[in-house]
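Worksheet: the structure to be examined is printed underneath.
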Amino acid sequence: HLKLFRINSVGTALRALIGWPLLMIGLYFVSALAGSFIPANSDWKEPDQGIPIFVETNGVHVSLIVPVSAAGEDLSDIIRPEHLIDVDLYGTHAMIGWGHRNVYRNARTWGDVRSGDIASAIIGSDETTLHIYHLIDPRPAPHRKRFLVSQTQYRSIITSIRSTFKLTPDGRSAAYPAYGSNNLFYDSNGYYSAYSTCNEWTGAVLRKAGVRIGIWTPMPGGAMRWFD
Numbered sequence: 387h388l389k390l391f392r393i394n395s396v397g398t399a400l401r402a403l404i405g406w407p408l409l410m411i412g413l414y415f416v417s418a419l420a421g422s423f424i425p426a427n428s429d430w431k432e433p434d435q436g437i438p439i440f441v442e443t444n445g446v447h448v449s450l451i452v453p454v455s456a457a458g459e460d461l462s463d464i465i466r467p468e469h470l471i472d473v474d475l476y477g478t479h480a481m482i483g484w485g486h487r488n489v490y491r492n493a494r495t496w497g498d499v500r501s502g503d504i505a506s507a508i509i510g511s512d513e514t515t516l517h518i519y520h521l522i523d524p525r526p527a528p529h530r531k532r533f534l535v536s537q538t539q540y541r542s543i544i545t546s547i548r549s550t551f552k553l554t555p556d557g558r559s560a561a562y563p564a565y566g567s568n569n570l571f572y573d574s575n576g577y578y579s580a581y582s583t584c585n586e587w588t589g590a591v592l593r594k595a596g597v598r599i600g601i602w603t604p605m606p607g608g609a610m611r612w613f614d
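Everything in the sequence shown is counted per this note's numbering, starting at 387 for the first residue and increasing by one.
Below is the structure:
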């Protein structure tokens, strides 16, 4: 009887050890799905005239694409031409994403994701980065959705982007090589976690500007569905 009790106790402990994490993961994905369907700024309507911006996904990250200069705003003081090896690649638009530094640097696709980076991202980390591609006159594509925002909304978006840069004491941004000659990593502010993901950063910027999007968008599909 004692042996049977021990076996049952071990079985109960193993089920709890496996079951609770699976339950938490399941609740996370259900919450992410629900949050992505519930709209913030539900009364927002795309203006007939405005500034065109884009959202783009590579299946892992959702990024914003904004004009470098529009509506009296100019990002060239922090996204500087001289940061690029070839200044001719300096774009009319910047594709901007934020996230966990190592996940961004090591994972261009889901297949590149490292278990240690995922664990760090889930636990939470202030080791974050901005990833910026230079684009010249981007056009809509299946993975890139275009929409218009008002000048006021565009200025809000730019303000949020600026606040994410971690500047040096003399007010400059720090740039580092990324995947190719037209894109760079930048030091950034912010705390990454399972709640505040790269995709949720994009959603939060748009929500703050008054654009209709889900109330919580930690997954790429949850952010992109609002622009299909």
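Where is the CB? At the ideal position from N, CA and C, for every residue including glycine. Bear in mind the structure is a predicted one, so any value in this text is a computation, not a measurement.
May I ask you to report which of helix, strand or coil DSSP gives residue i?
i    : result
T603 : coil
A420 : helix
R487 : helix
D573 : strand
R525 : coil
L413 : helix
P438 : strand
H469 : helix
I464 : coil
S567 : coil
V591 : helix
Y581 : coil
Y476 : coil
Using beta-carbon positions only, say whether residue i and residue j come within less than 8 angstroms of one another.
i    : j    : result
G485 : W587 : yes
P606 : G483 : no
V454 : S462 : yes
H469 : L570 : yes
Q539 : G596 : yes
P555 : F440 : no
E432 : F533 : yes
S511 : Y578 : yes
D472 : S559 : no
Could you name the residues that DSSP lists as bridge partners for residue i?
i    : result
G458 : The partner list for G458 (beta bridge, DSSP) is empty, contrary to what the question assumes.
L553 : S559
K531 : V441
T514 : H486
Buried or exposed: which applies to residue i, given that a residue is buried once 16 or more other Cβ atoms fall within 10 Å of its Cβ?
i    : result
N492 : exposed
R487 : buried
G557 : exposed
T545 : exposed
Y519 : buried
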